[in-house]
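What follows is a single structure, written as structure tokens, with notes after it.
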Amino acid sequence: DAGITQSPRYKITETGRQVTLMCHQTWSHSYMFWYRQDLGHGLRLIYYSAAADITDKGEVPDGYVVSRSKTENFPLTLESATRSQTSVYFCASSDTGWGYTFGSGTRLTVV
Amino acid sequence: SQQGEEDPQALSIQEGENATMNCSYKTSINNLQWYRQNSGRGLVHLILIRSNEREKHSGRLRVTLDTSKKSSSLLITASRAADTASYFCAIPSQGGSEKLVFGKGTKLTVNP
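So the sequence lines, in the order shown, correspond to chains A and B.
Under this note's numbering, the first sequence has 105 at position 103, and the numbering climbs by one with no breaks.
Under this note's numbering, the second sequence has 85 at position 79, and the numbering climbs by one with no breaks.
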């Protein structure tokens, strides 16, 4: 299906474990983004990418790693999960001058 | 840092009434966007209005932009229960117009 797909939809993991959230888009949009949404903070940008092999930090990058070897994929890795990373994570894509298309989100719980 | 602030934080109206939400920001922008988020879902892009535009329509949605006052409004006319959602304004962050900064949103409840 066309669109932007995030997986998994829900994830529970233990403190200290590495977790990877997947994001795949089918439009060949240049830009891709990872946001986290928390009560009281709204959406905050973690990392973004302007093209394959080009990534940059957003507002809250600590504890996260991204890669973008192919235009359509933009995985987000939590290197050593902490409870403060419990959140809903949204991936989005866009082309220059247009609005974002968001995925359905991954609800991550770190116990 | 640059961020849009929505007002009010919550709004409750009856079906058929109009709903107006406002967004204020602090620095110059080249566009402002509005998004909707239904509970438990991803955000959906509604409208993008550019700095040289004053008003834009999409179906029952009307967005205005006043760059002199650094504010925007989203009007939903003849609201329906299905319009119940959170609405966010988003503006480009400093240093990169493709990076958006989102406000904390207005939670709209439309009662049948």
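All residues carry an ideal CB built from backbone N, CA and C; glycine is no exception.
Everything numeric in this text was worked out from a predicted model, so none of it was measured.
Nearest to residue i by CA position, among the options, is which residue?
i      : options                     : result
E20/A  : G44/A, T73/A, S32/A, T84/A  : According to the sequence displayed, residue 20/A carries Gln and not Glu. Nearest option by C-alpha distance: T84/A.
A87/B  : E59/B, I19/B, Q43/B         : I19/B
T15/A  : T103/A, T98/A, A94/A, E81/A : E81/A
S45/B  : H63/B, D89/B, Q100/B        : D89/B
T115/B : S85/B, L80/B, E12/B         : S85/B
Y102/A : Y12/A, R11/A, S32/A         : S32/A
H51/B  : S64/B, E59/B, R60/B         : S64/B
With a threshold of 8 Å between beta-carbons, can residue i be considered close to chain B, or not?
i      : result
T108/A : no
L47/A  : yes
S95/A  : no
Y33/A  : yes
F76/A  : no
G65/A  : no
T7/A   : no
G18/A  : no
T98/A  : yes
I'd like to confirm the pairing. Which residues does DSSP put opposite residue i in its beta bridges?
i      : result
H31/A  : Answer is none; H31/A lacks a bridge partner.
G44/A  : D40/A
V90/A  : Q39/A, R109/A
A96/B  : Q39/B, F108/B
K13/A  : L110/A
Q186/A : Outside the displayed span of chain A (3 to 113) sits residue 186/A, for which this structure offers no information.
Y102/A : DSSP output for Y102/A lists no bridge partner at all.
N44/B  : DSSP lists no partner for N44/B.
Which residues in the same chain as residue i place their Cβ atom closer than 7 Å to its Cβ, once the five residues preceding and following it in sequence are excluded?
i     : result
S77/B : N28, C29, S30
I35/B : S57, I97, P98
T88/A : L110, T111, V112
A62/B : The sequence shown places Lys at residue 62/B, not Ala. Counting only Cβ-Cβ distances below 7 Å, and skipping sequence neighbours, we find I53, I55, V69.
I'd like to know if residue i contacts chain A, where contact means its C-beta is closer than 8 Å to some C-beta of that chain.
i      : result
Q39/B  : yes
H63/B  : no
L67/B  : no
E11/B  : no
E104/B : yes
K110/B : yes
R47/B  : yes
L17/B  : no
L81/B  : no
L54/B  : yes
CB-CB under 8 Å to residue i, same chain, minus the five flanking residues each way: which ones, in chain order?
i      : result
Y49/A  : F35, W36, T57, D58, K59, G60, P63, Y66, V68, L78
S103/B : N36, N37
L106/B : Q39, A96, I97, P98, S99
D13/B  : M27, N28, C29, S30, T112
Among residues of its own chain, excluding the 5 on either side of residue i, which ones have a beta-carbon nearer than 6 Å to its beta-carbon?
i     : result
L49/B : Y41, Q43
G10/B : C29, Y31, C95, I97, G109
ask   = At what residue ranges does the stretch 57-93 of chain B contain a whole run of the beta strand (DSSP E), taking only runs of 3 or more?
value = 61-64, 67-72, 77-82
task = At 3 residues or longer, and completely inside the stretch 14-39 of chain B: list those beta strand (DSSP E) runs for me, N to C.
result = 16-20, 25-30
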